[in-house]
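Only one structure is covered here, and it is reproduced in the block below.
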Amino acid sequence: MSGDAELARLIDQRRELAAKVAGLDLEIAMSVGDREAAKRALKEMTAQVEARKAARFAMCRAMGAH
2 MSGDAELARL IDQRRELAAK VAGLDLEIAM SVGDREAAKR ALKEMTAQVE
52 ARKAARFAMC RAMGAH
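The working numbering numbers the first residue of the sequence shown as 2 and each following residue consecutively.
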């Protein structure tokens, strides 16, 4: 795997884990009734998922897949 591909894989993996952590934060906030924390966690989770999608799309586009 090339250096760029390895870096992209690591960044993608980090974003995936960050989205999972934000999902757990969301569950915790909902469990204790903290609506504001739940909103923040949902926003963070969504941002991480969207960043992963955008990066994957850009990679596919660079490779000529789109």
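Backbone N, C-alpha and C fix where the C-beta goes; we use that ideal spot for every residue, glycine too.
#1: Have a look at ALA56, ALA9, THR47 and flag the residue whose alpha-carbon is nearest the alpha-carbon of VAL22.
#2: Looking at ALA9 and ALA55, is the spacing between their C-beta atoms short of 8 Å?
#3: Could you tell me if GLN14 is buried or exposed, where buried requires 16 or more neighbouring beta carbons within 10 angstroms of its beta carbon?
#4: Cα separation between ILE12 and ALA19?
#5: Buried or exposed: which applies to ALA59, given that a residue is buried once 16 or more other Cβ atoms fall within 10 Å of its Cβ?
#6: Report the three-state DSSP secondary structure of SER32 (helix, strand or coil).
Here's the rundown:
#1: THR47
#2: no
#3: exposed
#4: The alpha-carbon atoms of ILE12 and ALA19 are separated by roughly 10 Å.
#5: exposed
#6: helix
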